[in-house]
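See below for the structure under consideration.
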Amino acid sequence: MIQLIRGFKDILPGEAELWQEIERVSRDLFESFGFKEIRIPVMEKTELFARSIGEHTDIVEKEMYTFPDRKGDLITLRPEATASIVRSYVQHKMYAADPVRKFYTIGPMFRRERPQKGRYRQFYQINAEVIGVDAPYIDAQLIFLLATLLERLKVTDVAAHINSLGCPECRPAFREALTALLDGKKERLCEDCARRSGTNPLRVLDCKVPACREAMADAPSLLEYLCEGCKAHFDSVQRSLNRLGVPFVIDKKLVRGLDYYTRTTFEIQTGALGAQSAVAGGGRYDGLIKMLDGPDTPAIGFAIGLDRLAEIVGLRQADLEKKPRLFIAALGDACAEKAFDWICRLGLAGVHAEMDMADRSLKSQMKQADRCGADLVLILGESELASGSAVLRNMRTKEQAAVVIDDQTAARLLAHIQ
Ligand code: AMP
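Now the structure itself:
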């Protein structure tokens, strides 16, 4: 038997209804805030991710699914969506008509991480991005949107963590101070951190290895190094969040993995997921559009992990399951023909009806009706056909109604059901 690839998974009917509901609630919310859907390819030139995410990040160093196509050009299965959205914004010169654009997209991402609970190699994200707005209002609005979405999906036990990563003006001084601190502690750090302390020292701040945490306990906070502009921006984000009533904690260790982040960065964490506590994350990336050959335009966005979200939403799968409204137990060819005609007509009218198509006994058809969960059952045998009337039974209330059998029966059934 051929099995699926390690780290990949199927989303089966039953669970898929939950995903559909999450997607529906997300789309509704985004569209009420003026976001438009964008669909981008799952593969891009490797260079796009290497250049935007950064050469010295975990994703680019070791997690990308990269291979040469037949001509030898390197292509990569997208590990995240922001780079592609920005590529699209720049390629289609969307800034020319209106530099301010709000996008959302939902789809699979691919990272060759070590598979474990809550961490897959193909996983799904819901992304929202706003390009062209510098104002801290938009930072607060995105965090507010995330908090609202989680509330609508009945997710409890969540906390918004926020931090500011500064800008190219103020971050170098912090980086220097951090590098100096790390120089004296290299032998106490894990292998990854010892290596990246020279190339990506910020990343050491949020390493989960206990020895690194201990070594970084007295690390300086980027917030102490913010320039006037970044400080005023971050203060303003916090004031807006307070006015909107969104609770948050300032988390000076929140640096996130990608190079393109600037200023506000945030993560939604939950206690409900065990080790993989981040359900969503995002932040500003004011330099990325220029880095990808577009105009110097600010931007901010977030990504929600759909797989993780599906595990913690307070919606019950059973409430979302769709069952047929009607099951027709038809006995013999003449009855089956009529039943078939009716279920097709009901389907056209938006009502799901089922029948047995294997000429089974009445007893096993009744079992089938019970299994599929239809509350209405119509029994149609030779005698019903002869008398021109059949009984429609409500299996929950036990009520019964006679239905005339003629060329209007589908419409009569529809009237009963609606
Ligand atoms: P990131 O793009 O790394 O900031 O991730 C954003 C969100 O995507 C995280 O908060 C997770 O919920 C989710 N996520 C990231 N990597 C994975 C993974 N390998 N498996 C499942 N979800 C993931």
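Each residue of the sequence shown is one higher than the last, beginning at 863 in the numbering used here. Glycine residues also receive a C-beta, built at the ideal position from the N, C-alpha and C atoms. Note that the coordinates shown come from a computational prediction; the quantities given were computed from them, not determined experimentally.
Setting aside the 5 residues that flank it on each side, L891 is surrounded in the same chain by L1011, each with a C-beta closer than 6 Å to its C-beta; the list follows chain order.
For A1021, the uninterrupted beta strand (DSSP E) segment begins and ends at 1020–1026. Taking non-hydrogen atoms of the ligand AMP into account, the C-beta of G1143 is found less than 6 Å away from one of them. Per the coordinates, the alpha-carbon of L1116 lies some 15 Å from the alpha-carbon of A1165. The way I'd put it, the region 1202–1215 does touch the region 1264–1277; three or more beta-carbon pairs between them come closer than 8 Å. Comparing C-alpha distances from S1249 to each of D960, A1277, V1265 shows the shortest one belongs to V1265. G969 is bridged by DSSP to Q987. Pairing M926 with Y982, the inter-Cα distance amounts to about 13 Å.
Not one heavy atom of the ligand AMP sits closer than 6 Å to the Cβ of A1172. Around K1185, the same chain offers C1234, G1235, A1236 as residues with beta carbons nearer than 7 Å, after the five sequence neighbours per side are excluded. In the DSSP assignment, the residues bridged to E899 are Y966. With contacts defined by Cβ atoms closer than 7 Å, D1218 and Q1230 form a contacting pair. Taking the Cβ of Q1131 as the reference point, every heavy atom of the ligand AMP lies at 6 Å or farther away. Taken in chain order, the complete beta strand (DSSP E) segments of 3 residues or longer contained in the region 1164–1225 are 1188–1192, 1215–1217.
DSSP places V1141 within a strand segment (E or B) once states are collapsed to three. Per DSSP, the unbroken alpha helix (DSSP H) holding M956 starts and ends at 956–959.
Spanning the alpha carbons of D1155 and G916 requires a straight line of approximately 16 Å.
CA-CA distance, L1188 to Q1179, rounds to 21 Å.
The closest CA to that of R868, considering only F972, W881, T967, E899, is found on F972.
Residue environment analysis places F929 among the exposed positions, since fewer than 16 neighbouring C-beta atoms fall within 10 angstroms of its C-beta. Taken atom to atom, the span from the alpha-carbon of D1068 to that of G1136 is near 17 Å. Residue pairing by DSSP places Q1131 opposite A1021, A1140 in a beta bridge. For K1016, there is no enclosing alpha helix (DSSP H), since its DSSP letter is neither H nor E.
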